[in-house]
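Accompanying notes for the structure given below.
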Amino acid sequence: MRAVALLAIGEVERPLLENLRLGISRQLSLPCTLLAEQLDPGFALHPERGQYHSTEILGRMSRLLLASAWRLLGVTGFDLYIPVLTFVFGEAQLGDACAVVSYHRLRQEFYGLPADQELLRARLLKEAIHELGHTLDLTHCEDITCVMSASHAVEWIDLKLPGFCPACRTRALATGNS
């Protein structure tokens, strides 16, 4: 059975994961489950940056992929980066089965603003669908409202809808059958 499994990377609030599980299931029309275990990301911490290397986390996640999971999405509150960028909201390799997202910079508090749980949940869902889209071989889309458009700042995430544009949906359905 095709299903998306969510893996907490470090401590993640259960209500946030549950909301994400429901949103992914609704957007992708697939079952989405929460794994009982969590991954300690200490191995990926780079103290000189105070951030976690997301590619290293993806490598560890690929060893945890279950036969029952079609895709594995890691969710963390830690700040992620890749060496060529200051930070990333998430990462996935095209066509791979694993993706990771961070809500660290999706929180309004990161920018000195009052907390907004609804906005956080919306941003996290969009970034999760975006990274899962990369696992379906989708690249960045030119349509700024498509969930697959690139996001270099949270304001760009806020412009997106939580789903694929018609062209990306067609490509996702074609590759998602494998």
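Just so we're aligned: the sequence shown equals residues 622 to 799 in the working numbering. Cβ coordinates follow ideal geometry from the N, Cα and C atoms, glycine included. Computed from a predicted model, the values in this text were never measured in an experiment.
Item                                                                                                                : Value
Complete alpha helix (DSSP H) runs within the region 623-695 (minimum length 4 residues, chain order)               : 635-649 and 675-683
Candidates Arg-728, Cys-762 and Ala-743: closest to Arg-790 by CA position                                          : Cys-762
Test item: CB-CB of Ile-630 and Ile-678 under 8 Å                                                                   : yes
Of the residues Asn-640, Phe-708 and Arg-692, the one placed nearest Tyr-673, counting alpha carbons only           : Phe-708
Three-way DSSP call (helix, strand, coil) for Ala-718 in this model                                                 : coil
Neighbourhood of Leu-701 by C-beta, 8 Å cutoff - its chain only, sequence neighbours within 5 removed               : Gln-672, Tyr-673, His-674, Ser-675, Ile-678, Phe-708, Val-709, Phe-710, Gly-711, Glu-712, Val-721, Ser-723 and His-725
8 Å contact criterion, which Gln-729 and Ala-736 should meet: CB distance rounded                                   : 6 Å
For Ala-657, the nearest candidate out of Met-769, Arg-635, Glu-669 and Arg-792 (CA to CA)                          : Arg-635
Cβ pair Leu-643, Val-696 closer than 8 Å                                                                            : no
Own chain residues within Cβ distance below 8 Å of Leu-686, not counting five before or after                       : Leu-693, Ala-718 and Cys-719
Close-in-space but distant-in-sequence residues of the same chain around Leu-780 (CB under 6 Å, 5 per side omitted) : Ile-765
Member of Pro-787, Glu-669, Arg-742 and Leu-727 whose CA lies at the smallest distance from the CA of Glu-639       : Arg-742
Three-state class that DSSP yields for Thr-796 in the structure shown                                               : helix
Limits of the unbroken beta strand (DSSP E) element including Gly-754                                               : Gly-754 -> not in any beta strand (DSSP E); alpha helix (DSSP H) instead, spanning 738-756.
Gln-648 versus Glu-776: straight-line alpha-carbon distance, rounded                                                : 21 Å
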